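Chemist: Residue numbers (our numbering): 26 to 140. From the three backbone atoms N, C-alpha and C, an ideal C-beta is built for every residue, glycine too. On a predicted model such as this, the values are computed, not experimentally measured, just so you know.
#1: Report the rounded CA-to-CA distance for residue 93 versus residue 46, giving the unit in angstroms.
#2: Which residues does DSSP list as the beta-bridge partners of residue 131?
#3: So, are the CB atoms of residue 120 and residue 139 less than 8 Å apart?
#4: Assuming contact is defined by CB atoms lying nearer than 8 Å, are residue 106 and residue 80 in contact in what I supplied?
#5: Kindly say whether residue 97, judged by its beta-carbon, lies nearer than 8 Å to any beta-carbon of chain B.
#6: Take residue 41 as the anchor and find which of 74, 84, 96 has the nearest alpha-carbon.
#7: Using a threshold of 8 Å, state whether the C-beta atoms of residue 136 and residue 117 are closer than that.
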């Protein structure tokens, strides 16, 4: 949560977890590593973060998502929050998809420069 003057900005986020779907964590790490191995990143820090992630079953993930949806709906219906523009995550996703369809390479720097 942040505050700018009298305006309070709140983010509801769901992420930073690993879905339990029958694959063991080592398989998941290997799969993810193969996707990012060509990027210039700190792989030791990435792997350390990966192993610290919370693991949830699909059922628990769905329950958490429904709770967050209920909270967001309540905030919207009670006019505690208002949506003035397309949210940042959707704009970032659209930007990434556009780059992918063009076959362009995407870096964190590109995303930061764009947004």
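Modeler: Looking at the coordinates:
#1: Rounded to whole angstroms, residue 93 to residue 46 spans 22 Å at the Cα level.
#2: Its beta-bridge partners do not exist; DSSP assigns none.
#3: It is a contact, given that the beta carbons lie within the stated cut-off.
#4: In this structure, the beta-carbon distance from residue 106 to residue 80 does not fall below 8 Å.
#5: As a matter of chain content, chain B is missing from the structure shown, which is built from one protein chain.
#6: Ranking 74, 84, 96 by Cα distance to residue 41 puts 74 first.
#7: Going by C-beta atoms, residue 136 is nearer than 8 Å to residue 117.
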